[in-house]
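Note that the protein sequences, when read in sequence, are chains L and V.
Sequential numbering from 1 applies to the first sequence in the numbering used here.
Sequential numbering from 1 applies to the second sequence in the numbering used here.
Glycine included, each C-beta is placed from N, C-alpha and C at the ideal position.
Note that the structure is a prediction, hence the values are computed from the model and not measured.
Data block below; observations after.
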Amino acid sequence: MITKRIIPCLDVKNGRVVKGMNFEGLQDVSSPVTLAKFYSECGADELVFYDITASSDGRKLFTDILVETAKTVFIPLTVGGGINTVADFDRVLKCGADKVSVNSGAIRNPDLIYEAAKLYGNQCVVLSADIKRVDGVFRVFAKGGRENTGMEAIEWIRRCVGNGAGEVVVNSIDTDGVKGGFDLEMLDAVCSAVSVPVIASGGAGKIDDFITLFHALPKVDAGLAASIFHFGEVAIKDLKAEMAKANIPTRL
Amino acid sequence: MVAIVDYGVGNLFSLECSLNAIGAEVVVTADPHVLKQADQVLLPGVGAFEDAAKKLRATGLDAVLKDLAASGKPLLGICLGMQMLFEKSYEYGEHEGLGLIPGKVVPMEGAIPADYKIPHIGWNALRFKKACPLFKNIKDGDCVYFVHSYFATDCEANVTATAEYGRSLTAAVANKNVFGCQFHPEKSGSVGLAILKAFTELKEEDLC
């Protein structure tokens with residue numbers, strides 16, 4: 001039985017992890033390499049590095065830390081942020097990324113997913129979609145959730161999967177940061193529309209939110225979160241032990 | 001020294017790093033002489049079977065690998081590298097493999113229940129079917145990381161481990177000194193590293 005994945009997401013700017021963190025025993029909590037290793041040892045099933053750097057100097061720092069991480073952490077690494085061209089795929093894959101997630105880049109260039117999937121395989125291409133309800137309709141937002149593209153989200157996701165996206169990360173802007181649980185209604189709609197793995201993101205505040213997610217929507221493959229892991233509100237070890245107790249297939 | 005066969009397929013960086021991490025001396029090479037000198041040989045691979053098989057033949061490495069296998073050299077194929085060990089693959093047509101392990105590679109589509117997603121991607125538990133020297137430091141039920149859309153079948157006699165995904169899928173195989181794993185040990189955390197470590201400790205004389 002395939003296990004449900006727990007994925008911490010690290011925002012990286014100029015080669016450092018942003019958002020304050022506080023872990024006992026960790027000397028350098030803003031080092032992506034240190035944190036990646038820590039999460040891997042705690043049982044994280046996969047890691048996402050999100051590059052929020054805007055400058056080319058920062059991009060270089062990012063790929064440097066990616067190389068360092070790949071040398072010490074042996075679980076799948078997904079990279080997102082600033083992926084606009086096939087050359088961007090190439091740049092991060094050579095540095096040790098296993099999968100690459102595209103968001104605004106796919107909105108700007110509708111051929112990007114198709115081209116990347118053809119070159120690197122569907123399993124390598126992850127669609128990340130920021131979705132928000134507008135007048136009762138799921139809409140795709142671009143530019144980090146700031147701009148309404150006007151596109152209907154389910155149709156957008158279906159099209160991207162048709163073009164070769166091998167996984168979909170669903171970020172609900174409506175539940176993000178609220179810590180009241182994942183957006184089950186939105187996730188259900190996506191799961192019903194596509195047959196590739198779906199990763200839930202946005203809204204997790206406590207262990208029970210993950211249990212509810214996997215019980216209510218057995219088709220969801222993974223839960224992704226950032227701050228609740230970084231701030232120690234949810235320890236991955238505890239989370240996975242509780243999932244196993246709740247009969248959710250879990251890698252312990 | 002363990003040699004990774006470099007035949008222009010996929011990214012070998014992670015595999016090389018994982019072997020460095022367990023303290024193995026690693027060389028990435030397409031040179032038959034270096035491969036012959038290696039204590040163990042790893043055949044990696046991602047992408048399409050036909051393309052990979054063509055590249056092996058174009059470089060003459062298919063014959064080199066068959067000779068190495070016949071000489072008793074420990075050989076481990078990973079993912080597509082494992083699939084290449086079989087006689088045939090039915091990935092987009094019909095293609096010949098190295099024929100080092102009896103069996104064939106077929107699509108998962110149609111062979112697993114329709115509500116199971118393809119590719120089979122994620123962490124799944126190994127179910128041991130047979131003793132294997134690669135498993136000496138891991139246990140039945142340990143999870144490893146899979147990414148694949150095709151699987152090996154008609155190879156029951158050589159299956160050492162399976163994984164459940166709507167049906168039983170071939171996860172690892174062995175035929176004397178020739179080994180294969182469908183999953184990625186270099187992405188399977190400490191369990192994967194333990195498998196690679198066991199492989200780098202194999203000696204020709206122990207296996208025949």
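Neighbour-count burial assignment, residue i, 16 or more Cβ in a 10 Å radius
i: D111(L); result: exposed
i: G177(L); result: exposed
i: H215(L); result: exposed
i: F210(L); result: buried
i: G20(L); result: Confidence is the limiting factor: at G20(L) the pLDDT is only 47, short of 50, which leaves the residue's position unreliable and the question unanswerable from this model.
i: A200(L); result: buried
i: H33(V); result: exposed
i: V322(L); result: In this structure chain L extends from 1 to 252, so residue 322(L) is not present and cannot be described.
i: L47(L); result: buried
i: K197(V); result: buried
i: K4(L); result: buried
i: S40(L); result: buried
i: N20(V); result: exposed
i: P32(L); result: buried
i: Y150(V); result: buried
i: P113(V); result: exposed
i: E16(V); result: buried
i: S56(L); result: exposed
Nearest candidate by alpha-carbon position, reference residue i, set the options
i: A44(L); options: L77(L), V134(L), I2(L); result: L77(L)
i: R133(L); options: D90(L), M151(L), A70(L), K240(L); result: M151(L)
i: G181(L); options: L217(L), D51(L), W156(L); result: L217(L)
i: I7(L); options: F231(L), K237(L), G223(L); result: G223(L)
i: K88(V); options: V147(V), K117(V), K104(V); result: K104(V)
i: K55(V); options: I195(V), H184(V), V159(V), V9(V); result: V9(V)
i: L61(L); options: R91(L), T72(L), P197(L); result: R91(L)
i: M84(V); options: L35(V), N124(V), D142(V), T153(V); result: T153(V)
i: A246(L); options: T212(L), D57(L), Q123(L); result: T212(L)
i: C155(V); options: E186(V), V173(V), L61(V); result: V173(V)
i: E109(V); options: Y165(V), A69(V), V191(V), P74(V); result: Y165(V)
i: A171(V); options: H120(V), D206(V), L61(V); result: H120(V)
i: K237(L); options: R251(L), A225(L), V169(L); result: R251(L)
i: N11(V); options: A36(L), V67(L), N14(L); result: V67(L)
i: N122(L); options: V18(L), N163(L), G58(L), V194(L); result: N163(L)
Residue i - partner residues in DSSP beta bridges
i: K132(L); result: R139(L)
i: P107(V); result: Y150(V)
i: K99(L); result: T78(L)
i: Q40(V); result: V2(V)
i: S18(V); result: DSSP lists no partner for S18(V).
i: V125(L); result: V100(L)
i: A225(L); result: P8(L)
i: C143(V); result: A125(V)
i: E152(L); result: R139(L)
i: E96(V); result: K88(V)
i: V173(V); result: V159(V), G180(V)
Rounded distance between the beta-carbons of residue j and residue i, thought under 8 Å
i: V12(L); j: I65(L); result: 7 Å
i: H95(V); j: V147(V); result: Not confirmed; about 20 Å, so no contact.
i: V170(L); j: L187(L); result: 6 Å
i: V46(V); j: L98(V); result: Not confirmed; about 17 Å, so no contact.
* Residues of the region 32–54 of chain V with Cβ closer than 9 Å to any Cβ of chain L, in chain order -> Within the region 32–54 of chain V, the qualifying residues are V46, G47, A48.
* Residues of the region 173–205 of chain L whose Cβ lies closer than 8 Å to any Cβ of chain V, in chain order -> S195, V196, P197
* Asked: What residues from the region 151–177 of chain V come within 9 Å of chain L, judged by C-beta to C-beta, listed N to C?
  -> A163, E164, Y165
* What are the residues of the region 88–108 of chain L that lie near chain V, defined by any Cβ-Cβ distance shorter than 8 Å? -> L93, K94, C95, G96, D98
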